[in-house]
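**Q**
2 protein chains.
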Amino acid sequence: MSRKIAELLSRLEKRLDRSAIVSADEAGPRYQEDPDGKDGAPPAIVLRPRTTGEVSDILRLCNDAGQRLVVQGGRTGLAGAARIQAGEAVLSLERMTAIAAPDREAATIITEAGAPLQMVQEAADAAGLLFGVDIGARGTSTVGGNIATNAGGIRVLRYGMYRAQVLGLEAVLADGSVLTSLKGLPKDNSGYDLNQLFIGSEGTLGVVTRACLRLHPKPATEVNAFCALASLDAAIALLALLRQKLGPLLSAYEVNFAPLYGAMVAGMDALAPLPVGAPVYVLAEIQGNEPDRDGDRFAAVLMQAVEDGVVDDVVVSQSPREFRALWAVREDANRFLFSKRGLIGVDISIPLARMGAFLQDAEAAIRAVDPNADIYVFGHLGDGNLHYQVGTVDPAAAYDIVYRGVAAAGGGVSAEHGIGLDKKQWLHLARSDAEIAVMRRLKAAFDPNNILNAGRVFDLVPATALSDGVPQ
Amino acid sequence: MSRKIAELLSRLEKRLDRSAIVSADEAGPRYQEDPDGKDGAPPAIVLRPRTTGEVSDILRLCNDAGQRLVVQGGRTGLAGAARIQAGEAVLSLERMTAIAAPDREAATIITEAGAPLQMVQEAADAAGLLFGVDIGARGTSTVGGNIATNAGGIRVLRYGMYRAQVLGLEAVLADGSVLTSLKGLPKDNSGYDLNQLFIGSEGTLGVVTRACLRLHPKPATEVNAFCALASLDAAIALLALLRQKLGPLLSAYEVNFAPLYGAMVAGMDALAPLPVGAPVYVLAEIQGNEPDRDGDRFAAVLMQAVEDGVVDDVVVSQSPREFRALWAVREDANRFLFSKRGLIGVDISIPLARMGAFLQDAEAAIRAVDPNADIYVFGHLGDGNLHYQVGTVDPAAAYDIVYRGVAAAGGGVSAEHGIGLDKKQWLHLARSDAEIAVMRRLKAAFDPNNILNAGRVFDLVPATALSDGVPQ
Chain A
1 MSRKIAELLS RLEKRLDRSA IVSADEAGPR YQEDPDGKDG APPAIVLRPR
51 TTGEVSDILR LCNDAGQRLV VQGGRTGLAG AARIQAGEAV LSLERMTAIA
101 APDREAATII TEAGAPLQMV QEAADAAGLL FGVDIGARGT STVGGNIATN
151 AGGIRVLRYG MYRAQVLGLE AVLADGSVLT SLKGLPKDNS GYDLNQLFIG
201 SEGTLGVVTR ACLRLHPKPA TEVNAFCALA SLDAAIALLA LLRQKLGPLL
251 SAYEVNFAPL YGAMVAGMDA LAPLPVGAPV YVLAEIQGNE PDRDGDRFAA
301 VLMQAVEDGV VDDVVVSQSP REFRALWAVR EDANRFLFSK RGLIGVDISI
351 PLARMGAFLQ DAEAAIRAVD PNADIYVFGH LGDGNLHYQV GTVDPAAAYD
401 IVYRGVAAAG GGVSAEHGIG LDKKQWLHLA RSDAEIAVMR RLKAAFDPNN
451 ILNAGRVFDL VPATALSDGV PQ
Chain P
1 MSRKIAELLS RLEKRLDRSA IVSADEAGPR YQEDPDGKDG APPAIVLRPR
51 TTGEVSDILR LCNDAGQRLV VQGGRTGLAG AARIQAGEAV LSLERMTAIA
101 APDREAATII TEAGAPLQMV QEAADAAGLL FGVDIGARGT STVGGNIATN
151 AGGIRVLRYG MYRAQVLGLE AVLADGSVLT SLKGLPKDNS GYDLNQLFIG
201 SEGTLGVVTR ACLRLHPKPA TEVNAFCALA SLDAAIALLA LLRQKLGPLL
251 SAYEVNFAPL YGAMVAGMDA LAPLPVGAPV YVLAEIQGNE PDRDGDRFAA
301 VLMQAVEDGV VDDVVVSQSP REFRALWAVR EDANRFLFSK RGLIGVDISI
351 PLARMGAFLQ DAEAAIRAVD PNADIYVFGH LGDGNLHYQV GTVDPAAAYD
401 IVYRGVAAAG GGVSAEHGIG LDKKQWLHLA RSDAEIAVMR RLKAAFDPNN
451 ILNAGRVFDL VPATALSDGV PQ
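Sequence lines, in order, name chains A and P.
Start counting the first sequence at 1; every next residue gets the next number (UniProt numbering).
Start counting the second sequence at 1; every next residue gets the next number (UniProt numbering).
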């Protein structure tokens, strides 16, 4: 242990009880694990506060000592923001998991940042309400991590990103100062909305300790449908049709391009909902308030779409069991893709008008480099968000092709996973030098010693300004 | 003309054409007028750029010269943010009013900041789409001003505040650097979302020059209803009932407390929709997609509420003419209140659970000071936002009572109008010292010379730090 860490430790021990401080040896590999398999460095030390006051003490002491920290929630992030870099201490929110009972009248809930998303969903449900964000990692990912990455998921087109769920935050700045704004007012312009700074900034500007989240009325009905379509254009036309006919009832619109569905079906336990072979499959969902009508209304629009030649084949769920089974097919994409080794994956957003050309051009360019490349694409079509995976002998070329294609199409290099460590080399393709300079200005204003998640999203000192490659 | 202004002017003249520079004499009183009647100082000069490049030149040159600027849009703001302070130049966006044709597929529109809100609404409507924000000043207030104040209005409970409509911005910082982020992606986590900084910060961190705004499918039906109720509790119960039964169809929920409605009716040209005398009136609106059903469905829920004793009396609009007539009654509150001289008005948000106690306590406290005070309250009950007016011989006491009551109830001292110059003395009642310190930190990072809307929202140097009362 370095002298710096030993001195810091003795100061921390005066402020925290013994269980809040875990040495690297005691910690084992737990905090180094990474969902992409890119494990992190051993932690300098692991700090596990129980209260906002302890978070404040930790940050103040680390800031004074110049000790860098990486903030960890559920460690399910897919961009490496929570991966330990050499010399970093871990600040884990894992012991701050309390959730207050929802306020039914205001339709809000106050939760600590370490609570898993699923606990918030279940607390809302038990109060007859709904939390609007759902993602695959719901059981492990935490509210704090969701906020730090402005998580999206499957119901953004109905309820918005995580940002739209945040009515208030409590956050601790690098110097230990605590900002508490948990009133939960749906409409408040009393000065700057500082909450926005901490949403989607990946833990670089402050540590979120609590949140007041918006809840929604629980729908009386949920119905989904699985459709086979002849083209992306048909899928975009169906989206417009559902929006026009069903308005705000439409709650999810997921896409799965060939050959992914066929490959998934080959390894699935359950029966495939539709035959393989179509170029595009869509899972659409509605949430409504009229149990006697919603399903029929949804089915009628879809049947008309079949008659009009927009949809080739469709199955509409007729029971909660069928509803869950269709969602299981959607989530099976993750099982299949995690089982394939060596795939590269990107999380991109593309304007719908340019998505077809992007997909065609990217595939052609990848195949020109590697004719045997596997390309698997699915995602949240309603939001223009694709998860694009490539199995190829030349990953570097594939990354380059995809991200430059995204930039040319006016898209984003991360739709919902964030930039972290793993995507920052491509940030400049999506954001101007002036924008990145302002991000640095913000970081310097909030964390002048660069102790919080340093080097995530961007390097504080531009690479060209470094003569000796000092990690930033 | 001071030498400083003369030198700046000669530099500006090299960059801008003659029509962009207007002297105080040429300008007349136009830029000094204020909707509250608190007219501003004469401008040092008025600058009227036509392009973002010209805005950038103006800011860079003014920043170099230390010349303060006040940014003006439609000058309809109700907190004095656009009111000229002595020595300030005016930066008016009045010549940047271009609106591009909406992108129907993406459901977005790109507009310059000086375009009036109503032009955006009409452009959306002509493309078969809807813009989600509507406010009384729609004909004059501008997109840039709406963004600067995070405008709210009557449909927040369906579509959210202005912040929820902003998919991208172009903004110019005090040093002239231009941040352009107009891709219009509904889901993008490629680095910090810098747009958020400029929404609701009242022109203090940068000048918005263009915006990419979200549009919504145009509803097929709009129906409203005017209800008489026995109490605020009944109005809150009806809100919960409509949300439960109609879900996202509910698009507005406005309240009007006695004696305001009675006073309005006495001076109205049109017939009153319901007899005066009830303690509370509500205007509820739905927007739906089923012309054959929506009105009946809405009426059925309301009739059941009458049967259940929640609502005492109700009229449901049966035609577009009746629909508009009911909204005219709502907007008549502004006519009536502007006609009363000497009223003080505040724009507050209060948690619904504490609103009844707040109203009772505030009225009792005001009447203890001035038994003859007139108290008129209306607002956006669905958002917990009240516009509270008092006619009293002791305005200072009334302000103090209301704002301290708001603070005690956990509310906000400005729900949708902003803080500007006129409310900053009460900001500390709603925000902590730590929060206001961070606002100052942001301001210093973005506008170190304090040239942009200086002294709006807060003073850059706290009043206690000033020995000689230098205006900040």
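In this text, a Cβ means the ideal position worked out from N, Cα and C, and glycines have one as well.
List, in order along the chain, the chain D residues whose C-beta lies closer than 8 Å to that of K183 (chain P)?
**A** The chain labelled as chain D is not found among the protein chains of the depicted structure, namely A and P.
**Q** So, using beta-carbon positions, are L59 (chain P) and G73 (chain P) closer together than 7 Å?
**A** Not closer than 7 Å, so no.
**Q** Beta-carbon within less than 6 Å of A220 (chain A)'s beta-carbon, same chain only, minus the 5 sequence neighbours each way: which residues are those?
**A** These residues qualify, in order along the chain: N289, P291.
**Q** Can you tell me which of the three DSSP states R83 (chain A) falls into?
**A** DSSP places R83 (chain A) in coil when its eight states are reduced to three.
**Q** For M303 (chain A), count neighbouring Cβ atoms within 10 angstroms of its own Cβ and tell me buried if that reaches 16, exposed if not.
**A** M303 (chain A) is exposed by the Cβ-count criterion.
**Q** For V71 (chain A) and V156 (chain A), which I take to be in contact (beta-carbon distance under 8 Å), what is that distance rounded to the nearest angstrom?
**A** About 24 Å; that fails the 8 Å criterion.
**Q** Is the Cβ-Cβ distance between E435 (chain A) and L179 (chain P) less than 7 Å?
**A** The answer is yes: Cβ separation under 7 Å.
**Q** Please classify G443 (chain A): is it buried, with 16 or more other beta-carbons within 10 angstroms of its beta-carbon, or exposed?
**A** Inspection of the sequence shows that residue 443 (chain A) is occupied by Lys rather than by Gly. It is buried - the Cβ of K443 (chain A) has at least 16 other Cβ atoms within 10 Å.
**Q** Can you have a look at L386 (chain P) and say buried or exposed, based on whether 16 or more other CB atoms are within 10 angstroms of its CB?
**A** Buried is the call here.
**Q** Using 10 angstroms around the beta-carbon of V470 (chain P), count the other beta-carbons present and answer buried if the total reaches 16, otherwise exposed.
**A** Model confidence at V470 (chain P) stands at a pLDDT of 44, short of 50, so the residue's coordinates are unreliable and nothing is read from them.
**Q** Would a check of beta-carbon distances place Q425 (chain P) closer than 7 Å to chain A?
**A** Not an interface residue.
**Q** In whole angstroms, give me the CA-to-CA distance for L16 (chain P) and S56 (chain P).
**A** C-alpha separation (whole angstroms): 11 Å.
**Q** Can you tell me which of the three DSSP states I109 (chain P) falls into?
**A** Strand.
**Q** Only counting runs of 4 or more residues, tell me where the alpha helix (DSSP H) segments fall wholly within the region 365-414 of chain A, in order along the chain.
**A** Runs found: 395-408.
**Q** So, is the C-beta of V438 (chain P) closer than 7 Å to a C-beta in chain A?
**A** Yes - at least one Cβ of chain A is within 7 Å of the one on V438 (chain P).
**Q** Do you know whose CA, among A:F257, A:R293, A:F298, lies nearest A333 (chain A)'s CA?
**A** The shortest Cα separation from A333 (chain A) among A:F257, A:R293, A:F298 belongs to A:F257.
**Q** Out of curiosity, what's the CA-to-CA distance linking K340 (chain A) and V346 (chain A)?
**A** Rounded to the nearest angstrom, the two C-alpha atoms are 15 Å apart.
**Q** Which residue wins for smallest C-alpha separation from P217 (chain A), given the options A:A137, A:E105, A:I236?
**A** Looking at the Cα atoms, A:E105 is the closest of the given residues.
**Q** What first and last residue would you give for the beta strand (DSSP E) that runs through R214 (chain P)?
**A** Run containing R214 (chain P): 207-214, per the beta strand (DSSP E) assignment.
**Q** Mind checking whether I348 (chain A) and A415 (chain A) have CB atoms under 7 Å apart?
**A** Contact flag set, yes.
**Q** Please confirm if N146 (chain P) has its CB atom under 7 Å from at least one CB of chain A.
**A** Output row for N146 (chain P): interface = no.
**Q** Please classify N150 (chain P): does DSSP put it in a helix, a strand, or coil?
**A** Note: N150 (chain P) maps to coil in three-state DSSP.
**Q** Under 7 Å, do A398 (chain P) and I344 (chain P) count as touching if we go by C-beta distance?
**A** In this structure, I344 (chain P) lies closer than 7 Å to A398 (chain P) by Cβ.
**Q** What span of residues does the beta strand (DSSP E) with Y281 (chain P) cover, start to end?
**A** Its beta strand (DSSP E) spans residues 280-288.
**Q** Is there a Cβ from chain P that is less than 7 Å from the Cβ of D433 (chain A)?
**A** Taking Cβ atoms only, chain P never reaches closer than 7 Å to D433 (chain A), which makes this a no.
**Q** Assuming the contact rule is C-beta atoms closer than 8 Å, R83 (chain A) and D34 (chain A) should be a hit. Round their C-beta distance to whole Å, please.
**A** At roughly 5 Å, the Cβ-Cβ gap stays under 8 Å, so R83 (chain A) and D34 (chain A) are in contact.
**Q** Give the DSSP bridge partners of D57 (chain P), in chain order.
**A** For D57 (chain P), which the question treats as bridged, DSSP gives no partner whatsoever.
**Q** Identify every run of the beta strand (DSSP E) within the region 285-325 of chain A, keeping only runs that are complete inside it and at least 3 residues long; order them along the chain.
**A** Entirely contained in the region 285-325 of chain A, the beta strand (DSSP E) runs reaching 3 residues are, in chain order, 313-316.
**Q** Mind listing the chain A neighbours of I419 (chain P)? Cutoff is C-beta to C-beta under 7 Å, in chain order.
**A** By Cβ distance, chain A contributes S190, G191.
**Q** Decide yes or no for the touch test of the region 392-412 of chain A against the region 357-367 of chain A: beta carbon pairs closer than 8 Å, at least 3 of them.
**A** Contact holds: three or more Cβ-Cβ distances are below 8 Å.
**Q** At least one CB of chain A closer than 7 Å to the CB of Q244 (chain P): is that the case?
**A** It does: the Cβ of Q244 (chain P) has a partner Cβ on chain A nearer than 7 Å.
**Q** So for F131 (chain A), helix, strand or coil by DSSP?
**A** Coil at F131 (chain A), not helix or strand.
**Q** Around the C-beta of G145 (chain A), are 16 or more other C-beta atoms found within 10 angstroms, so that it is buried, or is it exposed?
**A** It counts as buried.
**Q** Let me know if L271 (chain A) comes out buried or exposed under the rule of 16 or more other beta-carbons within 10 Å of its beta-carbon.
**A** Exposed, by the Cβ-count rule.
**Q** Against chain A, with Cβ distances strictly below 7 Å, would A415 (chain P) count as a contact?
**A** Yes, its Cβ sits closer than 7 Å to a Cβ of chain A.
**Q** Using DSSP bridges, identify the partner residues of N224 (chain A).
**A** Paired residues: A:E285.
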